[in-house]
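Undergrad:
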Amino acid sequence: MCGIVAYIGPRDAAPILLDGLRRLEYRGYDSAGIAVLQGGKIAVRRKAGKLANLVRAVQAHPVHGEVGIGHTRWATHGEPSDRNAHPHASSSGEIVVVHNGIVENFLELREELADEGVTFASDTDTEVIAQLIELYAGGGTPLFEAVRRAVGRLRGAHGIVVISAREPDRIVAARLGNAGGVTIGAGEGEMFVASDMPALLDHTRRMAFLESGQIALVTRTGYSVETLDGKPVESALQTVDWDATAAEKGNYPHFMLKEIHEQVRSLGDTMAGRVDFEQGEVFLPTLKIDSAAARRIRRVILTACGTASHAAMVGRILIERLARIPAEVDIASEFRYRDPILDDRTAVIAISQSGETADTLAAMEEAKRKGALLWSIVNVVGSQAMRMADGYLSMQTGPEIGVASTKAFTAPLVDLFLLGILLGRLRGTLPAAERRKRVAELRRLPGLVGECLAREASLAGPAAALKDVTHCLYLGRGSNMPIAYEGALKLKEISYIHAEAYPAGEMKHGPIALVDKSMPVIALAPRDPWYEKMLSQIEQTKARGGMVIAVCTDGDDRIPAKVDYAIPIPDVSWTLSPVLTIIPLQLLAYQVAVLRGCDVDQPRNLAKSVTVE
Ligand code: AGP
């Protein structure tokens with residue numbers, strides 16, 4: 001949720017911190033702040049609202065120093081305001097903390113500290129951490145030990161970074177549970193710490209990642225890591241291959257539009273090196289699966305949240321059809337608490353672009369604890385979801401900055417298709433001829449996505465028609481039923497229009513009562529095995545006066561004759577059509593949000609990585 005960045009080295013810290021926060025603002029954006037060691041003291045600048053407010057405050061009252069920490073906040077305890085913005089200082093002002101997570105025993109600790117005579121300057125749980133460290137740092141205890149002891153008192157999941165005016169040559173960082181990453185970046189004679197890689201890409205690609213229960217001491221020249229109970233840890237630097245320009249908007253007005261357009265490339269990258277199109281072969285070595293292991297699997301459970309759960313819904317259909325393994329989808333926040341029945345013949349597949357969604361990680365922990373085979377599909381290499389799994393697939397999309405996920409939705413669809421093909425071959429359930437045919441079609445996919453994107457201008461009519469509505473329905477069947485859910489989520493999260501999705505066959509069981517002239521229906525009706533059913537659903541809607549916008553297949557003349565707006569896409573088989581049908585729905589949501597003057601990349605109340613429960 002919150003973004004964290006820290007610097008220690010020979011350069012002026014403030015511009016580096018502000019630039020890092022700019023790259024992390026998508027993680028949380030209701031307030032921001034920095035703290036810099038300046039002349040033996042710590043100078044703090046904090047402002048409610050977007051980062052631009054903080055930048056203005058720093059311009060008005062500059063801070064200079066070579067060690068500092070910064071934070072962009074997604075509020076949990078305490079309203080977004082200057083006083084609740086991070087960093088938070090202890091009463092002496094000499095120990096300053098930035099934090100990602102929720103201190104679950106915050107009230108208990110606050111009372112304990114109040115009994116010691118501590119008074120508080122904010123409503124946040126984070127200030128409790130700063131005050132606890134101050135308490136434990138009394139009597140000359142080194143900062144590192146005081147942080148270790150304070151972190152040991154916290155319940156919940158946390159990423160914490162601390163500096164102290166008493167020990168100006170170091171930064172201490174700790175991670176407890178799955179409240180998002182703590183990444184250490186190594187430069188030449190300078191070091192960085194951040195919650196997320198984009199903040200560091202301009203400076204270094206050499207990074208190390210803290211695991212839960214680890215604490216790091218970072219100086220100008222290096223770092224060391226220990227467990228919270230004092231055992232040294234070998235935490236090696238890894239080289240990440242994301243490039244810094246991928247986290248820039250370029251000529252696009254919004255990250256979301258850029259990322260929608262990047263899907264031609266990201267899908268190509270997702271297939272690169274993994275597919276032999278001639279032989280119809282798929283190679284996924286990072287899954288670490290062979291024929292014997294594939295044949296042992298009796299059941300697949302796909303678990304995820306939000307957009308990733310919609311990818312999981314498509315994955316279930318693909319895995320059942322291509323590999324003939326019973327598959328289910330479980331929303332991660334429910335799965336973790338349901339005491340699910342799992343064994344070593346169950347494969348659990350967690351999907352998460354960030355790889356740090358708290359609910360998804362908790363679901364993975366549950367699966368691991370119960371002995372299931374655990375795979376993840378992630379975008380962030382090095383993320384917790386990647387490291388925790390027995391095997392993983394990476395999305396290969398590069399950083400996704402827009403809070404509304406787009407390219408990190410279509411890439412896992414391709415990953416899941418490849419997984420279905422592979423499992424089908426390893427288990428002998430997918431005839432070779434069908435496998436070759438399906439894999440051959442995959443080759444055309446990036447180009448077909450490009451064709452959908454080239455028709456962007458044709459969405460102006462439907463976007464204008466939706467601009468002022470308050471509700472709408474998205475309907476789909478079969479492999480496009482999940483696309484109805486994803487299309488509705490895109491519209492609601494960035495335009496704030498109430499959008500509901502239903503499997504179209506469910507309409508007659510209740511929701512059709514909602515349909516009248518004021519209820520637009522967005523129907524997914526490509527030429528697929530469910531086409532005739534969708535056609536009759538559209539007829540039923542039109543008969544009740546509803547406006548219909550339909551995604552259909554090029555050359556279809558029946559749907560355009562019935563609906564208010566037809567959005568044709570290129571012809572493709574039903575197994576791959578979700579990758580195409582979602583493109584106009586992403587663009588439609590984007591255009592509607594722009595017409596309504598919404599903040600597309602940073603919609604209200606949301607954050608990119610949901611690292612709290
Ligand atoms: C997508 O548009 C959403 N903002 C959100 O639903 C997201 O997909 C969800 O929080 C899961 O995130 P993850 O893929 O990083 O786990």
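Residues 1 to 613 in our numbering are what the sequence shown spells out, letter by letter.
Beta carbons are placed, not taken as given, at the ideal position from N, Cα and C, and that holds for glycine.
These numbers come from a predicted model, not from an experiment.
Check whether the segment 580-592 touches the segment 329-338, counting contact only when three or more Cβ pairs, one atom from each stretch, lie closer than 8 Å.
TA: no
Undergrad: Name the two residues that bound the continuous alpha helix (DSSP H) containing E315.
TA: In the sequence on display, residue 315 carries Gly and not Glu. From DSSP, the alpha helix (DSSP H) with G315 extends over 306-323.
Undergrad: Could you give the residue range of the alpha helix (DSSP H) that holds H261?
TA: 255-261
Undergrad: List the endpoints of the continuous beta strand (DSSP E) containing Q214.
TA: According to the DSSP assignment, Q214 belongs to the beta strand (DSSP E) that extends over 214-219.
Undergrad: In chain order, what residues of the same chain lie with their CB nearer than 8 Å to the CB of S405, ignoring the 5 residues before and after it?
TA: G306, T307, A308, Q353
Undergrad: Mind checking P578: buried by the 16 CB within 10 Å criterion, or exposed?
TA: buried
Undergrad: Between the Cα of E532 and those of L422, H261, I559, L445, spot the shortest distance and give me the residue it belongs to.
TA: I559
Undergrad: So is E111 buried or exposed if we call it buried at 16+ other beta carbons inside 10 Å?
TA: exposed
Undergrad: Suppose you measure from the CA of E320 to the CA of M313; what does that come to, to the nearest Å?
TA: For E320 and M313, the distance between alpha carbons rounds to 11 Å.
Undergrad: Would you kindly report the start and end of the unbroken beta strand (DSSP E) that includes C472?
TA: 471-476
Undergrad: Determine the direct distance from the alpha carbon of A114 to that of R316, and round the result to whole angstroms.
TA: 52 Å
Undergrad: Assuming R73 and A121 form a contact by the criterion Cβ under 8 Å, report the distance between their Cβ atoms to the nearest whole angstrom.
TA: About 16 Å; that fails the 8 Å criterion.
Undergrad: Helix, strand or coil: which one does DSSP assign to S536?
TA: helix
Undergrad: Just to confirm my understanding: we take G424, look at its own chain, exclude 5 residues before and 5 after, and list those with CB closer than 6 Å. What are they?
TA: L322, A323, L430
Undergrad: Which residue marks the beginning of the beta strand (DSSP E) containing M207, and which one marks its end?
TA: Under the DSSP assignment, M207 falls in the beta strand (DSSP E) whose first and last residues are 206-209.
Undergrad: State yes or no: is the C-beta of A372 within less than 7 Å of the C-beta of L342?
TA: The answer is yes: Cβ separation under 7 Å.
Undergrad: Output the boundary residues of the beta strand (DSSP E) element that contains A173.
TA: 171-176
Undergrad: Any idea what DSSP makes of A235, helix, strand or coil?
TA: Correcting the residue identity first, residue 235 is Ser in this sequence and not Ala. Coil at S235, not helix or strand.
Undergrad: Measure the C-alpha to C-alpha separation of D269 and D12 and round it to an integer number of angstroms.
TA: The alpha-carbon of D269 is positioned some 38 Å away from that of D12.
Undergrad: Can you find a heavy atom of the ligand FAD that lies under 6 Å from the Cβ of G478?
TA: The ligand FAD is absent from the structure shown, which contains only the ligand AGP.
Undergrad: Decide if H498 is buried, meaning its Cβ has at least 16 other Cβ atoms within 10 Å, or exposed.
TA: exposed
Undergrad: What whole-angstrom Cβ distance do R295 and I215 have, given they're in contact under 8 Å?
TA: Their Cβ separation, rounded to whole angstroms, is 44 Å, which puts R295 and I215 out of contact at 8 Å.
Undergrad: Cβ of D65 within 7 Å of Cβ of L17?
TA: Note that residue 65 is Gly in the sequence shown, not Asp. If you check the CB distance, G65 and L17 do not come in under 7 Å.
Undergrad: May I ask you to list the residues that DSSP assigns as paired with E94?
TA: According to DSSP, E94 bridges with nothing at all.
Undergrad: Does the segment 276-287 come into contact with the segment 406-414, if we say contact requires no fewer than three beta-carbon pairs (one atom in each stretch) closer than 8 Å?
TA: Contact annotation: the segment 276-287 does not touch the segment 406-414, with fewer than three C-beta pairs closer than 8 Å.
Undergrad: Just checking, does the segment 519-530 make contact with the segment 568-576 on the three C-beta pairs under 8 Å criterion?
TA: yes
Undergrad: Looking at T360 and the ligand AGP, is the gap between the Cβ and the nearest heavy atom below 6 Å?
TA: yes
Undergrad: For the 8 Å Cβ check, are there 3 or more pairs between the segment 246-264 and the segment 392-400?
TA: Using a C-beta cut-off of 8 Å, the segment 246-264 makes contact with the segment 392-400, since at least three inter-stretch Cβ pairs fall below that distance.
Undergrad: Helix, strand or coil for K562 per DSSP?
TA: The answer is helix: DSSP assigns K562 an H, G or I state.
Undergrad: When you compare only the Cα positions, how much space is there between G242 and R205?
TA: Sequence inspection shows Trp at residue 242; the Gly mentioned does not correspond to that position. Each residue's alpha carbon lies about 8 Å from the other.
Undergrad: Nearest-angstrom Cα distance between N379 and A543?
TA: 44 Å
Undergrad: What do you reckon, are the CB atoms on L580 and C452 nearer than 7 Å?
TA: yes
Undergrad: What residue range is occupied by the uninterrupted alpha helix (DSSP H) comprising G487?
TA: For G487, the uninterrupted alpha helix (DSSP H) segment begins and ends at 481-495.
Undergrad: Since V264 and V449 should fall inside the 8 Å C-beta cutoff, what is the C-beta to C-beta distance between them, to a whole number of angstroms?
TA: 5 Å
Undergrad: Along the alpha helix (DSSP H) that carries V414, what are the first and last residues, could you check?
TA: 407-426
Undergrad: Terminal residues of the continuous beta strand (DSSP E) containing E134?
TA: For E134, there is no enclosing beta strand (DSSP E); the enclosing alpha helix (DSSP H) has its first and last residue at 126-136.
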